[in-house]
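Visitor: Mind looking over this structure? Questions follow.
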Amino acid sequence: AVRDEIQKLQQEKQEISINESVDIKGLEVKKKEFLAKVKIVGKELEDKIAERKSKEEERKEIEEQIKRLNDRIEELNKLKEEKGKPLVSDNAKKIKELEDRLFSMKEELVKVKGEYDSLSKELNFLKSRKDEYENKIEEIKKELEEKKKSLDSLNRDREKFKEELSALINLETKMTGKVKGLSEEKEKVYRDMVSLETEIDKINTRIESYGDLIARAEYRIPTIEATLKEVEREVSLYDLSEKDISNLPSIESLTESLKLIEENMRELEPVNMRALEEYEHQEQRKAKLEEDVNRLREQKRNLVRVVKEIAKKKKDRFLEVFNEINENFREVYAKLSYGGEASLELENPEDPFSGGMTIKAKPRGKKVLNLNALSGGEKSMASLALIFAIQNYDPSPFYVLDEVDMYLDSINAEAVSRMIKENASHTQFIMVSLRKVAIKEANHIYGVTMREDGISEMIGTVDLGSIGPKGEILNSGGGRMVER
Numbered sequence: 088a089v090r091d092e093i094q095k096l097q098q099e100k101q102e103i104s105i106n107e108s109v110d111i112k113g114l115e116v117k118k119k120e121f122l123a124k125v126k127i128v129g130k131e132l133e134d135k136i137a138e139r140k141s142k143e144e145e146r147k148e149i150e151e152q153i154k155r156l157n158d159r160i161e162e163l164n165k166l167k168e169e170k171g172k173p174l175v176s177d178n179a180k181k182i183k184e185l186e187d188r189l190f191s192m193k194e195e196l197v198k199v200k201g202e203y204d205s206l207s208k209e210l211n212f213l214k215s216r217k218d219e220y221e222n223k224i225e226e227i228k229k230e231l232e233e234k235k236k237s238l239d240s241l242n243r244d245r246e247k248f249k250e251e252l253s254a255l256i257n258l259e260t261k262m263t264g265k266v267k268g269l270s271e272e273k274e275k276v277y278r279d280m281v282s283l284e285t286e287i288d289k290i291n292t293r294i295e296s297y298g299d300l301i302a303r304a305e306y307r308i309p310t311i312e313a314t315l316k317e318v319e320r321e322v323s324l325y326d327l328s329e330k331d332i333s334n335l336p337s338i339e340s341l342t343e344s345l346k347l348i349e350e351n352m353r354e355l356e357p358v359n360m361r362a363l364e365e366y367e368h369q370e371q372r373k374a375k376l377e378e379d380v381n382r383l384r385e386q387k388r389n390l391v392r393v394v395k396e397i398a399k400k401k402k403d404r405f406l407e408v409f410n411e412i413n414e415n416f417r418e419v420y421a422k423l424s425y426g427g428e429a430s431l432e433l434e435n436p437e438d439p440f441s442g443g444m445t446i447k448a449k450p451r452g453k454k455v456l457n458l459n460a461l462s463g464g465e466k467s468m469a470s471l472a473l474i475f476a477i478q479n480y481d482p483s484p485f486y487v488l489d490e491v492d493m494y495l496d497s498i499n500a501e502a503v504s505r506m507i508k509e510n511a512s513h514t515q516f517i518m519v520s521l522r523k524v525a526i527k528e529a530n531h532i533y534g535v536t537m538r539e540d541g542i543s544e545m546i547g548t549v550d551l552g553s554i555g556p557k558g559e560i561l562n563s564g565g566g567r568m569v570e571r
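Residue numbers for the sequence shown follow the working numbering, beginning at 88 and rising by one.
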């Protein structure tokens, strides 16, 4: 359980790290975009400054011409006064020409001043835009530094968790070896116990045999003694001849026989005592082995119980996630297919890990079919619905979709595009498409062209209006430039 928790934490750290990496890459892209914009604005600014300088020089030249014309007119007026009437006609004509030319120059001056003022305003606007972009770049730089520091911290945490996970895995390996050793020890103890029980049974049999022998001997002693006394009594009662007496066993022989029997009894007694001591020892050993066996059985029951609990939790968690994703799948498919129905079915609901999963879909106006029986476009819709259903349950940082609209008609492609737009608020989507209808909801559109040598080339941001219905990028005149 601790290992699962560590793995879960590590996965969360990895997801955060991925998010940070994506954020950093996004900021790098923004930084490059703003740098490109600053470069463009700087170029425009330089052009406008040069143009304004040119207009300024043109204005000065016109003002000088106007001044020269005014001087010439004044000079002719003085000459007219000095020379009198003979020159009036010629001077009047020249004055008229100069006045016309002066008027024209004044109009040109007004026009140049207007253009100059317009260029000055545009120049100020470009300067403010340049300052704005430069400030934005500084903000992005600071944000990049913060993200990089955060990423470094996450990397350090990830290494720490890796070390902890490695230590836990080593501990688990040791514990697994220990459990295996205990199992082997349990089997050995069980075999020893069976062997001891067999040996104890044999000893019990021997003890019973010795006991019977002793009992029979003890039983015979009183009888022999009684017989001996009876013989002695009878001998005293009967007047036997020496011959008869000589035929009878002597008292000494009978006594000897009795001693022999008693000796045999004494020889039997130590055997009996050793057997009892051995029996007691084996009984103690048997009790200890039974205690060990019971302890190992209890440990085994605990391990089996833990395994069953883990399996149950795993199954319950899987079914919980599956049911939520299945419900999301129904809703998403109905939305994408404008009223269709779909569901996820387990091949073995009782033991979901021993079977697979089946997708069943009912497009609007059709019957329920397995995924394999659907058309290419219907399969794409079902697959995308499953992806969005999983994303709604546990979103990933970003998704890359490569021409997923290939088999979709325009209506379904537009539905998919709208759903991507809805989910883009919390997940980044990168979609490759050749169709205008599928990318019209995109926040940013980047064009890709193919050069004559067959190598693809990015051409930067593209306006939606410059894209043809089949994804081709159009030039400014509306003609096709290249297939995307």
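Virtual Cβ for every residue (Gly too), placed ideally from N, Cα, C.
(1) May I have a chain-ordered list of the alpha helix (DSSP H) segments no shorter than 4 residues that lie completely inside the region 438-518?
(2) According to DSSP, is E115 part of a helix, a strand, or is it coil?
(3) According to DSSP, simplified to helix, strand and coil, what is S215?
(4) Would you list the one or two residues that DSSP bridges to T548?
(5) Which residues in the same chain have their Cβ closer than 7 Å to the Cβ of N211, if we skip the five residues on either side of it in sequence?
(6) Who are the Cβ neighbours of R142 in its own chain at under 7 Å, not counting the five residues just before and after it?
(7) Does the beta-carbon distance from E370 to I287 come in below 9 Å?
(8) Quick check on the DSSP output: the alpha helix (DSSP H) that includes I526 runs from which residue to which?
(9) Would you grab the beta carbon distance between A448 and D492 for me? Rounded to a whole angstrom, and I think it's under 8 Å.
(10) According to the Cβ coordinates, are L473 and F516 closer than 9 Å?
(11) Does DSSP put E434 in a helix, in a strand, or in coil?
(12) Should M444 be labelled buried (16 or more other beta-carbon atoms within 10 Å of its own) or exposed?
(13) Could you name the residues of the same chain whose beta carbon sits closer than 8 Å to that of R188, not counting the 5 residues immediately before and after it, in chain order?
(14) If you run the structure through DSSP and keep just helix, strand and coil, what is I554?
(15) Quick check: G547 and K523, are their CB atoms within less than 9 Å of each other?
(16) DSSP three-state call for S520: helix, strand or coil?
(17) Find the nearest neighbour of R505 within the set F475, F485, L521, K154, judged by alpha-carbon distance.
(18) Do you know offhand how far K119's Cα is from D481's?
(19) Going by beta carbon distance, what residues of the same chain come within less than 7 Å of P309, once the five residues before and after it are set aside?
(20) Assess, as a yes-or-no matter, whether the region 380-397 is touched by the region 271-287 under the definition of 3 or more beta carbon pairs within less than 8 Å.
(21) Note down the Cα distance separating E138 from L551, rounded to an integer number of angstroms.
Guide: From the atom records:
(1) Correct list: 463-480, 497-510.
(2) In this structure, E115 counts as helix in the three-state DSSP scheme.
(3) The DSSP-derived three-state label of S215 is helix.
(4) DSSP lists Y533 as partners of T548.
(5) Contacts found: none.
(6) Note on residue identity: the sequence assigns Lys, not Arg, to residue 142. Counting only Cβ-Cβ distances below 7 Å, and skipping sequence neighbours, we find V199, E202, Y203, L206.
(7) Cβ atoms of E370 and I287: closer than 9 Å.
(8) Note, I526: alpha helix (DSSP H), 523-526.
(9) Contact flag wrong, Cβ pair sits at about 18 Å.
(10) Cβ distance not < 9 Å, so L473 and F516 don't count as in contact.
(11) Here E434 sits in coil by DSSP.
(12) With fewer than 16 other Cβ atoms within 10 Å, it is exposed.
(13) Excluding residues within five positions, the ones whose Cβ falls inside 8 Å are L156.
(14) In this structure, I554 counts as strand in the three-state DSSP scheme.
(15) No.
(16) Correct three-state label for S520: coil.
(17) The shortest C-alpha separation from R505 is found at F475.
(18) Spanning the two alpha carbons is a distance of roughly 31 Å.
(19) Non-local beta-carbon contacts of P309 in its own chain, meaning distances under 7 Å to residues more than five positions away in sequence, are absent.
(20) Proximity of the region 271-287 to the region 380-397 meets the contact definition, three or more beta-carbon pairs being nearer than 8 Å.
(21) Going from the Cα of E138 to the Cα of L551 covers about 32 Å.
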